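Structure first, commentary second.
Chains as they are written, first to last, in this note's numbering: chain A, 11 to 256; chain B, 465 to 751.
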């Protein structure tokens, strides 16, 4: 299912801060369209730094990154909605910043809002939304420009367990439909296994990839999968790899 | 999410009614206690006028009905107060407008360059630290003894809170929101217009409320020092005091308070009307 042209190539990426702290060391992997790759690792291991390097927000110090920059969709740790804009206006923002005419971006935004199940909330302001709904709006905002590479920076860390599971199911459903390339940062193993085609385990600082696992389950994945013996077994393997990474 | 959500639960707690309190009842509960206190204060006022003071020194605190008769009910006297109040309000409004323009412009420039911010800020603090009395001679030396000097006082007194709040507001957009604009290659101007300025609005309105109040004070203080030209409420206050017209003096003081309250209410309303639909107001200490 994976096509030949990778959406993202990390080639021996290293990142050392000006103060000498080595954040990332020698990370090499690719993400192809139709692949959903998760990275799990201890806090502060440079997982998020990796995303910022991929998107060009910060510059790596060694190795090379190959990516089509204008095809990137970035889902932030917080919803980062603009409080003074309605859901619809927030979702439109990327299209607006790219100078897409109003009529077209309204259409794009509406499609994205429908896709994440926020129809009916277009005119709501963020202050009246729950944490999960804000995250959905944030997802919709990323979807508007139909990026081919999605970067998720621990997006569901701040919502409650059930909401997180719902959001996982929807992200996985979107992936099943759109078959973009996804790179997902998390420290929840269950979340990583449930959504991904592949899971990388990163070590504590300096972060590097110490183990990789293929996730064989078909899409769409259903909630009961979480209790499947194969799912639990894979989670246990990743968990033990993660333990030795600390 | 916020504590505001918990309020309705508390409000219905004492009376075990499922319906929220009627508007009339809520109004009664918030208006009646201050009214009772007001009546008590009037009683104390009368007691001082008639029991503490005797007829020879009663002019120091005339009873309320005398203040009403001479200060408010006498149209000639009252219109004199209103006219001078209007003059001071105009001075305050002009001074505040100038201060807003300068503050917004400076804050915007400072937000665009850390170097300029670092360079300018100490001087703004120094400006704030100048005792106004100390530069009164300088102001009259440069701008004369008329209305211009009063406006200058208003600008000086209201500039700093406005500037600091606007600057703080411009820096208040989250890191993530800035990253979003960076990722979509937004220009400096777009970032300012669509992110930093709207994010700054709540702080700007907070600054406006403070500065507006200060500007009113500035206009009245300015009247005392710069008495030429239009007669402001400050000049009237001094005049009534010099002429031992206690009733008119008190009426003028009360009207000055009303101006201050009106300005505060206006800016509170303006803030609510402009950003109330998206901004969650937190009361002090409720974070």
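A virtual CB, placed ideally from N, CA and C, is assigned to each residue, including glycine. Predicted model only: the values in this text are computed from it and were never measured.
Rounded straight-line distance, which links the Cα of residue j to that of residue i
i	j	result
residue 516 (chain B)	residue 636 (chain B)	56 Å
residue 122 (chain A)	residue 152 (chain A)	9 Å
residue 47 (chain A)	residue 204 (chain A)	11 Å
residue 33 (chain A)	residue 42 (chain A)	25 Å
residue 101 (chain A)	residue 209 (chain A)	29 Å
residue 171 (chain A)	residue 179 (chain A)	12 Å
residue 735 (chain B)	residue 666 (chain B)	8 Å
residue 15 (chain A)	residue 62 (chain A)	22 Å
residue 708 (chain B)	residue 502 (chain B)	26 Å
residue 532 (chain B)	residue 498 (chain B)	20 Å
residue 12 (chain A)	residue 112 (chain A)	Annotation note: pLDDT 46 at residue 12 (chain A) (below 50); position unreliable, coordinate value reported separately. Going by the C-alpha atoms only, they are around 35 Å apart.
residue 186 (chain A)	residue 246 (chain A)	25 Å
residue 505 (chain B)	residue 583 (chain B)	52 Å
residue 646 (chain B)	residue 655 (chain B)	9 Å
residue 718 (chain B)	residue 733 (chain B)	22 Å
residue 587 (chain B)	residue 563 (chain B)	16 Å
residue 496 (chain B)	residue 487 (chain B)	14 Å
residue 5 (chain A)	residue 159 (chain A)	Outside the displayed range of chain A (11 to 256) lies residue 5 (chain A), so it cannot be described from this structure.
residue 556 (chain B)	residue 175 (chain A)	58 Å
residue 18 (chain A)	residue 130 (chain A)	36 Å
residue 94 (chain A)	residue 136 (chain A)	8 Å
residue 814 (chain B)	residue 600 (chain B)	No information on residue 814 (chain B) is available, as it lies outside the stretch 465 to 751 that chain B covers here.
residue 105 (chain A)	residue 91 (chain A)	15 Å
residue 683 (chain B)	residue 613 (chain B)	10 Å
Reference residue i, options the options, closest by Cα
i	options	result
residue 571 (chain B)	B:626, B:723, B:506, B:527	B:626
residue 568 (chain B)	B:486, B:682, B:661	B:661
residue 184 (chain A)	A:124, A:41, A:114	A:124
residue 716 (chain B)	B:549, B:514, B:507	B:549
residue 629 (chain B)	B:621, B:503, B:668, B:580	B:668
residue 202 (chain A)	A:28, A:219, A:223, A:215	A:223
residue 671 (chain B)	B:587, B:632, B:720, B:512	B:632
residue 251 (chain A)	A:221, A:225, A:229	A:221
residue 211 (chain A)	A:255, A:140, A:162	A:255
residue 644 (chain B)	A:103, A:60, A:22, A:74	A:103
residue 529 (chain B)	B:739, B:514, B:577	B:514
residue 85 (chain A)	A:114, A:177, A:134	A:177
residue 89 (chain A)	A:31, A:181, A:216, A:144	A:144
residue 558 (chain B)	B:591, B:722, B:521, B:620	B:620
Under 8 Å by beta carbon: chain A residues contacting residue i
i	result
residue 638 (chain B)	88, 90
residue 654 (chain B)	107
residue 491 (chain B)	Within 8 Å Cβ-Cβ: nothing; residue 491 (chain B) doesn't reach chain A, min ~27 Å.
residue 646 (chain B)	67
Chain A contact residues for residue i, given Cβ-Cβ distances below 9 Å
i	result
residue 634 (chain B)	None at all; the shortest Cβ gap to chain A is about 14 Å.
residue 650 (chain B)	107
residue 643 (chain B)	62, 65, 67, 84, 86, 90
residue 662 (chain B)	92, 93, 94, 95
Cβ pair residue i, residue j closer than 7 Å
i	j	result
residue 535 (chain B)	residue 744 (chain B)	no
residue 192 (chain A)	residue 169 (chain A)	no
residue 24 (chain A)	residue 76 (chain A)	no
residue 58 (chain A)	residue 195 (chain A)	yes
residue 679 (chain B)	residue 618 (chain B)	yes
residue 676 (chain B)	residue 659 (chain B)	no
residue 609 (chain B)	residue 489 (chain B)	no
residue 40 (chain A)	residue 163 (chain A)	no
residue 97 (chain A)	residue 64 (chain A)	no
residue 83 (chain A)	residue 157 (chain A)	yes
residue 634 (chain B)	residue 575 (chain B)	yes
residue 21 (chain A)	residue 66 (chain A)	no
residue 607 (chain B)	residue 616 (chain B)	yes
residue 207 (chain A)	residue 45 (chain A)	yes
residue 698 (chain B)	residue 688 (chain B)	yes
Chain-ordered chain B contacts of residue i [CB-CB under 7 Å]
i	result
residue 93 (chain A)	742, 743
residue 137 (chain A)	742, 744
residue 104 (chain A)	648
Every unbroken alpha helix (DSSP H) inside the region 175–207 of chain A [4 residues or more]: Here the runs fully enclosed are 199–205.
Which runs of the alpha helix (DSSP H) at least 4 residues long sit entirely within the region 49–119 of chain A? Give them in chain order. 57–65, 97–107
Which ranges does the beta strand (DSSP E) cover as unbroken runs of at least 3 residues, wholly within the region 598–642 of chain B, from first to last along the chain? none
Please specify which runs of the alpha helix (DSSP H), each continuous and at least 4 residues long, are wholly inside the region 689–742 of chain B, giving them in chain order. 697–706, 710–739
May I have a chain-ordered list of the beta strand (DSSP E) segments no shorter than 3 residues that lie completely inside the region 548–572 of chain B? none
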